[in-house]
Structure formats: C-alpha cells, structure tokens
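Trainee: Residue numbers (UniProt numbering): 1 to 331.
Every residue, glycine too, gets a C-beta built ideally from N, C-alpha and C.
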C-alpha cells in the first residue's frame, strides 16, 4: 500500500472509516475491500494517492487485526469463512456473545421472530434428515410456516435454554414474504437460483454457537471430531478439513458416519491423508459421496437412485427443479 509510513498498526481515522463501511454492508471480500481501502487511504493522504492494486492481503489483514483489538471489549469481532459455493473468503462483523435471534428482536416483533425460528427449525430439523441433509427450504415451504402449528414441537432440554421463547402466533403470508426478503437483504439468508433459502456465511459465523446448542445434543459430536456419542443427535456437522459448519458439501458414503466435507476442502483433506481418498472417520472409500445442501433434495429417493458412472459430479441428476422441489416437500 502506498504511504507505508501512514500505517503503524494503531487505530486511526482510516480504521474508523473502514469499520463504518463494514457496518453498512455487513460482509466484505478482499476484492471489495481493495478499492474501499484505497479510497480511504487516498482521502487520508491525498498527496499520495493509493490505487486498489496497491492494497495487499497483508494490508487488509493488518486492518482486520487492528480493528479486532479495538472491537474485542465490545464483544464484536471480524471473522471470516469460505463461501461454501463460490469459494470466496467472506469477512463479517459478528457479535460474539448474543445470538442473532436476540439481535433480531430489535427489528422484528415477537411473532415474526417465532416465524424465523420455525424457518430455522425446518432447515435444520425437518429438511435435515439421515435420508437427505438439505438444510435449506423453498419459498413455498417457508410460507407455509407463516401459520403457527397448534402446538410448537418441544425439544428436549439440552444445556442452557433461552429465558424467553418467541410467541406462538401466526403471521400473514405477505408479512412472511417481506421477512424472508428482508433477511436476504440484510445478509442473514441467501436465495439460490432454484428458489431455496439457506443461511448465509455471515449467519453461519454469527449463529454458530446457537445452532450447535439448539440442534445438537450436549453429548453429541465435538467440533474437533467426526465421532459422536452413541444415540446423540447431531444435526450440525463440521468439515473434516476446515472444521467450519457444513450446509453445502459432501457426506461420507457410509450413511451411519458423521464425516462431512466442503466441496472445496476435499482435495485438501486427501492431501492431508497422504493421498488416501477415504473417509477420515470410518475409512470408507470416498466414492459417490452423497451431497449436502439443496442438491440433496434431488437424491431424496434414496442412495441407490443416485449412483452415477463415469465420474459424474454429485447433485447433477439431470432432473428438473420442479421434481427436486417436490421431493423436498415430501421429506
């Protein structure tokens, strides 16, 4: 970055400007950060303009490190993860203590929070089964949840529960549509071309602890292991290579095994295993792995119906999206 003397690692007005920009957009990539930091640096030292190509990964990392030192007392942190589909590294400002549902309470009414909770339950319980780990929900499925069930399903107590539960009240379908749209706009949800809603990278980072506490048994799979206690419920699983949550990727061909890998982490995993293309947990040959994510809706007819030849990629069944959506409805 031009003007190296201007950056000494101490928090200054350039960091404040970058933080304000991050607050406005919620997430950022290095590609987006380069022109932003170049503009900020140029405004700070107009006699020495900075070009986007002058901003390096190291410069960006230094900004993040300095900001995190200043944000830590406020229980905030800039975290990063690889997007499970685009493979871009996504940086987001997250709250390290309160869960996202608590934060949403300042923007949504109690009955709207209850609707969001029903959508999350659908993603991680209804459409996350041994048969098909979809962990996404179509717009039609989500809108059906606008009407609250007669009796909310009660989950067995697992650790500390939230002190207050959202009101079990229905909302109008139009309001449900608006909430879904707002969650996408604010970067909590992503909407795929096939019409599936899923958690965004930002949401997965910010909701990580809450998801584990809510959908995994206390005695379930530790984050640093692919093993689980017998009989424990494990809905949230982690990549065997990077240890981030997997909602899009591959699962071990042995359906009894909890090993999961992001698509972009498979080669890294095999290299770490000395080239052995096998499950890191049960040692089953990693051949024809089942998909995790919305493509799992295509495979919900059973493992036998998805076998391919000639090295076809997972999830490429050649069936239309309407049949995939119908299968997801029936799971």
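1. Give the DSSP-derived three-state secondary structure of residue 174 in the structure shown.
2. Taking the continuous alpha helix (DSSP H) assigned at residue 115, which residues delimit it?
3. Determine the contact status of residue 148 and residue 181, defining contact as a CB-CB distance below 8 Å.
4. Is residue 11 helix, strand or coil by DSSP?
5. Straight-line CA distance for residue 54 to residue 67?
6. Just how far apart, CA to CA, sit residue 273 and residue 247?
7. Would you say the region 38-47 touches the region 23-30, given that touching needs at least three Cβ pairs under 8 Å?
8. Give the straight-line distance between the Cα atoms of residue 234 and residue 251, rounded to the nearest whole angstrom.
9. Could you tell me the alpha carbon to alpha carbon distance between residue 113 and residue 278, rounded to whole angstroms?
10. Considering only C-alpha positions, which residue in the set 290, 133, 144, 118 is nearest to residue 254?
11. Give every residue of the same chain whose Cβ lies closer than 8 Å to the Cβ of residue 142, excluding the five residues on either side of it in the sequence, and list them in chain order.
12. From what residue to what residue does the beta strand (DSSP E) around residue 249 run?
13. Nearest by alpha-carbon distance to residue 89: which of 217, 205, 210 is it?
14. By the three-class DSSP mapping on this structure, what secondary structure does residue 290 have?
15. Would you mind giving the Cβ-Cβ distance between residue 37 and residue 61, rounded to the nearest angstrom? I have them listed as a contact below 8 Å.
16. Given that a residue counts as buried once 16 or more other Cβ atoms are within 10 Å of its Cβ, and exposed if not, what is residue 51?
17. Since residue 63 and residue 125 are thought to touch, with beta carbons under 8 Å apart, how far apart are those beta carbons, to the nearest angstrom?
18. Which term fits residue 74, buried or exposed, when burial requires 16 or more other beta carbons within 10 angstroms of its beta carbon?
19. Using only CA atoms, which one of 208, 237, 150, 42 lies nearest to residue 129?
20. Tell me which residue opens and which closes the beta strand (DSSP E) that residue 90 is part of.
21. Would residue 296 pass as a contact of residue 133 if the rule is Cβ separation under 8 Å?
22. Residue 286 to residue 34, Cα distance in whole Å?
23. Would you list the residues sitting across from residue 261 in a DSSP beta bridge?
24. Within this structure, are the beta carbons of residue 192 and residue 294 separated by less than 8 Å?
25. Which residues does DSSP list as the beta-bridge partners of residue 238?
26. Using DSSP with H/G/I as helix, E/B as strand and the rest coil, what is residue 277?
27. Would you give the residue range spanned by the alpha helix (DSSP H) that residue 206 belongs to?
Mentor: A quick look at the data gives this:
1. Within the chain shown, the letter at position 174 stands for residue 174. If DSSP states are grouped into helix, strand and coil, residue 174 belongs with the helices.
2. Taking the first residue of the chain shown as position 1, residue 115 is located at position 115. First-last of the alpha helix (DSSP H) with residue 115: 110-121.
3. The count along the chain shown starts at 1 and reaches residue 148 at position 148. The count along the chain shown starts at 1 and reaches residue 181 at position 181. Taking 8 Å as the Cβ cut-off, residue 148 and residue 181 do not qualify as a contacting pair.
4. Counted from its first residue, the chain shown places residue 11 at position 11. Three-state result, residue 11: coil.
5. Within the chain shown, the letter at position 54 stands for residue 54. Within the chain shown, the letter at position 67 stands for residue 67. Rounded to whole angstroms, residue 54 to residue 67 spans 20 Å at the Cα level.
6. Indexing the chain shown from 1 puts residue 273 at position 273. Indexing the chain shown from 1 puts residue 247 at position 247. Using only the alpha carbons, I get a separation of about 23 Å.
7. no
8. Translated into positions along the chain shown, residue 234 becomes position 234. Translated into positions along the chain shown, residue 251 becomes position 251. Answer to the nearest angstrom: the Cα atoms are 13 Å apart.
9. By one-based count along the chain shown, residue 113 stands at place 113. By one-based count along the chain shown, residue 278 stands at place 278. About 42 Å.
10. Residue mapping note: residue 254 aligns to position 254 of the chain shown, counting from 1. Among 290, 133, 144, 118, the Cα nearest to that of residue 254 belongs to 290.
11. For the purposes of this step, residue 142 is taken as the residue at position 142 of the chain shown. Within the same chain, residue 142 has close Cβ partners 119, 122, 176, 180, 197.
12. Numbered from its first residue, the chain shown carries residue 249 at position 249. Counting along the chain, the beta strand (DSSP E) containing residue 249 begins and ends at 249-251.
13. Walking along the chain shown from the start, residue 89 turns up at place 89. Here the closest residue by C-alpha is 205.
14. Taking the chain shown and counting its residues from 1, one reaches residue 290 at position 290. DSSP places residue 290 in strand when its eight states are reduced to three.
15. For the purposes of this step, residue 37 is identified with residue 37 of the chain shown, where counting begins at 1. For the purposes of this step, residue 61 is identified with residue 61 of the chain shown, where counting begins at 1. That belief does not hold up - the Cβ atoms of residue 37 and residue 61 are roughly 11 Å apart, past 8 Å.
16. Along the chain shown, read from residue 1 onward, the residue named residue 51 stands at position 51. Label assigned to residue 51: exposed.
17. Within the chain shown, residue 63 is the residue found at index 63, counting from 1. Within the chain shown, residue 125 is the residue found at index 125, counting from 1. Residue 63 to residue 125, Cβ: 39 Å. No contact.
18. Position 74 of the chain shown holds residue 74. With fewer than 16 Cβ atoms within 10 Å of its Cβ, residue 74 is classed as exposed.
19. Translated into positions along the chain shown, residue 129 becomes position 129. Checked all of 208, 237, 150, 42; the closest Cα to residue 129 is 237.
20. One-based indexing of the chain shown puts residue 90 at position 90. Residues 89-95.
21. In the chain shown, counting from the first residue as 1, residue 296 sits at position 296. In the chain shown, counting from the first residue as 1, residue 133 sits at position 133. In contact: residue 296 and residue 133 (Cβ atoms closer than 8 Å).
22. Here residue 286 corresponds to residue number 286 of the chain shown, with the count starting at 1. Here residue 34 corresponds to residue number 34 of the chain shown, with the count starting at 1. Rounded to whole angstroms, residue 286 to residue 34 spans 39 Å at the Cα level.
23. The count along the chain shown starts at 1 and reaches residue 261 at position 261. DSSP, once it has assigned bridges, lists 250 as partnering residue 261.
24. Numbered from 1 along the chain shown, position 192 holds the residue referred to as residue 192. Numbered from 1 along the chain shown, position 294 holds the residue referred to as residue 294. Yes, the Cβ-Cβ distance between residue 192 and residue 294 is below 8 Å.
25. On the chain shown, residue 238 is found 238 positions in, with the first residue counted as 1. 245.
26. Locating residue 277 in the chain shown gives position 277, where the first residue counts as 1. Coil, per DSSP.
27. For this step, residue 206 is matched to residue 206 along the chain shown. 201-206 is the extent of the alpha helix (DSSP H) around residue 206.
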